[in-house]
Amino acid sequence: MNAHLGNVLIIGAGHAGASAARELRRLGYDRQITLVSDESHLPYERPALSKGILQGTGQLDKIALFGPDELAALDITFRPDYRVTELDVKRRRVCDTRGDWLSFDACLIATGGRPRVLPTLPPDAKGVHYLRTLEDALRLRDALTRVQSVLVVGAGYLGLEVASSAAALGRQVHIVDTASHPLSRSAPMILGQWLHQRCSKAGIQTMLGNGIASISLEGDHYIATLDNHSKIFADIIIIAVGQEPNIELAKAAGLSLDALNGGILVDALCTTSETGIYAAGDCVSQRHPWYGNRIRLESWQSANEQGCTAAAAMLGLHPAPRGVPWFWTDMLDCNIQILGTARGTVLSYTTRGSLVAEAERPKFLLLGMENDRLVQVIAVNAGGDLRLLRNLVGTDTPVDARILADEGIPLKSTVRELQASTNERR
Amino acid sequence: MAWVMMARMGDFQDDMLACEHNGEHVALFRVGETIHATSNVCTHDFALLTDGFFEDNCIECPLHAARFDVSTGEVQCGPARENLAVYPVEVRDEEIWVDL
């Protein structure tokens, strides 16, 4: 371990920052760790903001990234309301809005991202909501208790989650996107189309394949006119059209950025273009072995892994290898998990279970095959089955999708046999 | 605390068994000849852990992959922060008794 490393400063207390702090301690680092956040709350997990927190079923203490007294037990100095305005790479220090300087020996930039804003609907406009922070979620939750109708712009993960939460609260919900089916940028069409049907079952009105031609506030509600001239009336509008990485601090400090995706450029150890300055989470661009190129991944798993990688690298230790990309979401009464991605190739999908979207509790797997290799597994309410298949995804083990899809054969025994035959071949 | 006859050894189809007693979800795990009993509900979000993945003495939640050691209940990784309740077990002949 790097015995000379003095104090560590972590900018940003989201998932990447918090996991780095935790990992530094787990690896035996015993000097000062300062975790700063520009928010007022103790570090928290974001996934529940669009789900349990909005619906009022989630408890705030459940989303804490550190248990009660855990920050003290781990001897992590947490500074809320500390917004870094300058990163002085040469002198190894940062300054906040109040001119309060903090010095460091190693620094992790985990500044995350912020919602992409539609210029015509700024966040401070009446009845307009964007969702990223706990404050945003609490404000939206409050609004949802007082309105009848909601227009969600964007049918990606966040848009669908929010639409699902609003529908669960009994609100009238429209969701609009220029894409023809949900999750068009991140999931295969077979899942997108299924989610489209599932939205109908939840009472969500989908207006897909349509842009918003104009939008106006009349009295207390909005009227959105779509490209196909249909009109939607809504008391509030929730915009979920993606995220922008918070890279301004890194840019001003002269760190290299990725010209393609705008993220802070880091190597396999999460080191930026400046020695001793690391970056992790939604704000970074890093080569990922699964994709084979640089990518800015916005996911819980990636933030977690990169935080741990940066912690190990600071201490001169070897980080754990990256896992197969894994995403999860809870929406429309379903837990949906996606393991692996198509990586630019065309996959053919085989289903295990039933795709009936009207089922009370659907349960199925979509097995994404490239010839006889399993490249992607999508599980709807079947996380245990997805986990069983994890060691097969993206490997060179030949798989017969028809056998994996046969519900008459227990998945566990099929996986065991496949692994046994693979071990024999070796 | 009360000892309850939860299941019989022969009830195991696999290495996990979901049980219920007075509305309480209890999970039984078989590791060799040893039986462990824990709460069957993840401490992070509502899910039955026996719908998850059991390997190397640890149960992984089917929803968000929080992982718990079934003999101690300790969180190993994932989004959970709170340990899982574990219960004393006694096997009497073929009967599995759990002290809830």
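For the protein sequence lines, the chains are F and U, in the order given.
Residues in the first sequence are numbered consecutively from 0, following numbering that gives the first Met the number 0.
Residues in the second sequence are numbered consecutively from 0, following numbering that gives the first Met the number 0.
From the three backbone atoms N, C-alpha and C, an ideal C-beta is built for every residue, glycine too.
The model shown is predicted, which means the values in this text are computed figures rather than measured ones.
Problem - Minimum Cβ-Cβ distance from Trp327 of chain F to chain U less than 8 Å - result: Sequence index remark: in the first sequence, residue 327 of chain F carries index 328 (1-based). Trp327 of chain F counts as touching chain U.
Problem - Below-8 Å beta-carbon distance, His20 of chain U vs any chain B residue - result: Here the protein chains are F and U, and chain B is not one of them.
Handout entry: Cutoff 8 Å: Arg386 of chain F Cβ touching any chain U Cβ
Key = What you label residue 386 of chain F is simply residue 387 of the first sequence in a count that begins at 1. Judged by the 8 Å Cβ criterion, Arg386 of chain F is in contact with chain U.
Practice task
Report the residues of the segment 27–49 of chain F with a CB closer than 7 Å to any CB of chain U, ordered along the chain.
Solution key: Correct list: Glu44.
Exercise for the section: Give the interface partners of Asp50 of chain U over in chain F, defined as CB-CB distance under 7 Å, in chain order. Expected result: Counting from 1 along the second sequence, the entry for residue 50 of chain U is found at position 51. The contacting residues are Gly383.
Problem - Reference His317 of chain F, options F:Val151, F:Glu22 and F:Ile9, closest by Cα - result: Here residue 317 of chain F refers to the residue found at position 318 when the first sequence is read from its first residue. Of the listed residues, the one whose Cα sits closest to His317 of chain F is F:Glu22.
Exercise for the section: Would you kindly check if the distance between the Cβ of Asn209 of chain F and the Cβ of Leu225 of chain F is under 8 Å? Expected result: As a first step, residue 225 of chain F is located in the first sequence; it is residue number 226 there, counting from the start. As a first step, residue 209 of chain F is located in the first sequence; it is residue number 210 there, counting from the start. Yes; because the gap between Cβ atoms is below 8 Å, this pair is in contact.
Practice task
Leaving aside the five residues before and after Val3 of chain U along the sequence, list all residues of the same chain whose C-beta is less than 6 Å from its C-beta, in chain order.
Solution key: The residue given as residue 3 of chain U occupies position 4 in the second sequence. The answer, listed in chain order, is His20, Val97 and Leu99.
Exercise for the section: Count the other CB atoms, across all protein chains shown, that sit within 10 Å of the CB of Cys60 of chain U; report buried if there are 16 or more and exposed otherwise. Expected result: For the purposes of this step, residue 60 of chain U is taken as residue 61 along the second sequence, with counting starting at 1. Burial call: buried.
Practice task
Please decide whether Ala136 of chain F counts as near chain U, where near means a Cβ-Cβ distance under 8 Å.
Solution key: Along the first sequence, read from residue 1 onward, the residue named residue 136 of chain F stands at position 137. No - not a single Cβ of chain U is within 8 Å of the one on Ala136 of chain F.
Practice task
Identify which residue in U:Ala17, U:Ala64 and U:Ile34 has its Cα closest to the Cα of Arg91 of chain U.
Solution key: For the purposes of this step, residue 91 of chain U is taken as the residue at position 92 of the second sequence. Ranking the options by Cα distance to Arg91 of chain U, first place goes to U:Ile34.
Practice task
Could you name the residues of chain U that Ala310 of chain F contacts, counting a contact when the two beta carbons are closer than 8 Å?
Solution key: Taking the first residue of the first sequence as 1, we reach residue 310 of chain F at position 311. Near Ala310 of chain F there are no residues of chain U at all, since even the closest Cβ is about 14 Å away, more than 8 Å.
Problem - chain F within 8 Å of Leu16 of chain U, Cβ atoms only - result: Here residue 16 of chain U refers to the residue found at position 17 of the second sequence. Cβ-Cβ to chain F under 8 Å: no for Leu16 of chain U.
Practice task
Tell me whether the beta-carbon of Gly112 of chain F lies closer than 8 Å to the beta-carbon of Pro320 of chain F.
Solution key: For the purposes of this step, residue 112 of chain F is identified with residue 113 of the first sequence, where counting begins at 1. For the purposes of this step, residue 320 of chain F is identified with residue 321 of the first sequence, where counting begins at 1. Cβ atoms of Gly112 of chain F and Pro320 of chain F: not closer than 8 Å.
Practice task
Return the CA-CA distance between Glu32 of chain U and Lys362 of chain F, expressed in angstroms with no decimal places.
Solution key: For the purposes of this step, residue 32 of chain U is taken as the residue at position 33 of the second sequence. For the purposes of this step, residue 362 of chain F is taken as the residue at position 363 of the first sequence. Looking at the two C-alpha atoms, the distance is approximately 33 Å.
Practice task
Taking only beta-carbon positions, decide if Asn390 of chain F is within less than 8 Å of chain U.
Solution key: Taking the first residue of the first sequence as position 1, residue 390 of chain F is located at position 391. False, the Cβ-Cβ gap to chain U never drops below 8 Å.
Exercise for the section: Inspect the beta-carbon positions of Gly57 of chain F and Arg30 of chain F and report whether they are closer than 8 Å. Expected result: Position 58 of the first sequence, counted from the first residue, corresponds to residue 57 of chain F. Position 31 of the first sequence, counted from the first residue, corresponds to residue 30 of chain F. Gly57 of chain F is not a Cβ neighbour of Arg30 of chain F, given a cutoff of 8 Å.
Exercise for the section: Could you say if the segment 182–196 of chain F and the segment 255–266 of chain F meet the contact criterion of at least three C-beta pairs nearer than 8 Å? Expected result: no
Problem - Near-chain F residues of the segment 57–72 of chain U - C-beta to any C-beta below 7 Å - result: Glu59, Pro61, Leu62 and His63
Problem - Interface residues of the segment 66–99 of chain F facing chain U [CB-CB below 7 Å] - result: Gly66
Handout entry: C-beta contact flag for Leu354 of chain F and Gly367 of chain F at 8 Å
Key = Position 355 of the first sequence, counting from 1, holds the residue named residue 354 of chain F. Position 368 of the first sequence, counting from 1, holds the residue named residue 367 of chain F. For Leu354 of chain F and Gly367 of chain F, no; Cβs fall outside 8 Å.
Exercise for the section: Out of F:Val152, F:Glu160, F:Arg197 and F:Gln192, state which residue places its alpha-carbon closest to the alpha-carbon of His173 of chain F. Expected result: Numbered from its first residue, the first sequence carries residue 173 of chain F at position 174. If we check each option's Cα against that of His173 of chain F, F:Val152 comes out closest.
Practice task
Whole angstroms is fine: what's the gap from Thr421 of chain F's alpha carbon to Phe65 of chain F's?
Solution key: The residue labelled residue 421 of chain F in the question sits at position 422 within the first sequence. The residue labelled residue 65 of chain F in the question sits at position 66 within the first sequence. When rounded, the distance between both Cα atoms is 41 Å.
Handout entry: Residue burial classification, His63 of chain U (beta-carbon count within 10 angstroms, cutoff 16)
Key = As a position in the second sequence, residue 63 of chain U is number 64, starting the count at 1. Counting C-beta atoms within 10 angstroms of its own C-beta, His63 of chain U has 16 or more neighbours from the protein chains shown and is therefore classed as buried.
Practice task
Output, in chain order, the set of chain F residues within a Cβ distance shorter than 7 Å of Arg80 of chain U.
Solution key: For the purposes of this step, residue 80 of chain U is taken as the residue at position 81 of the second sequence. Result: Ala63 and Gly66.
Exercise for the section: Let me know the secondary structure DSSP gives His180 of chain F once reduced to three states. Expected result: Within the first sequence, numbered from 1, the residue matching residue 180 of chain F stands at position 181. Here DSSP, grouped into helix, strand and coil, assigns His180 of chain F to coil.
Handout entry: chain U contact for Asn260 of chain F (CB, 8 Å cutoff)
Key = For the purposes of this step, residue 260 of chain F is taken as the residue at position 261 of the first sequence. No, its Cβ sits nowhere closer than 8 Å to a Cβ of chain U.
Exercise for the section: Give a yes or no on whether 8 Å exceeds the smallest Cβ distance from Asn334 of chain F to chain U. Expected result: Taking the first residue of the first sequence as 1, we reach residue 334 of chain F at position 335. Chain U, which has a Cβ nearer than 8 Å to the Cβ of Asn334 of chain F, makes this yes.
Problem - Pick from F:Arg351, F:Gln147 and F:Ala249 that is closest to Ser272 of chain F, judged by C-alpha positions - result: Here residue 272 of chain F refers to the residue found at position 273 when the first sequence is read from its first residue. The shortest C-alpha separation from Ser272 of chain F is found at F:Ala249.
Handout entry: Sequence-distant residues of its chain with Cβ nearer than 7 Å to Ala165 of chain F (five each side left out)
Key = Here residue 165 of chain F is taken as the residue at index 166 of the first sequence, counted from 1. So the qualifying residues of the chain are Leu143, Val149 and Val172.
Handout entry: Check whether Val376 of chain F and Leu364 of chain F have beta carbons under 8 Å apart
Key = For the purposes of this step, residue 376 of chain F is taken as residue 377 along the first sequence, with counting starting at 1. For the purposes of this step, residue 364 of chain F is taken as residue 365 along the first sequence, with counting starting at 1. A contact, by the Cβ cut-off of 8 Å.
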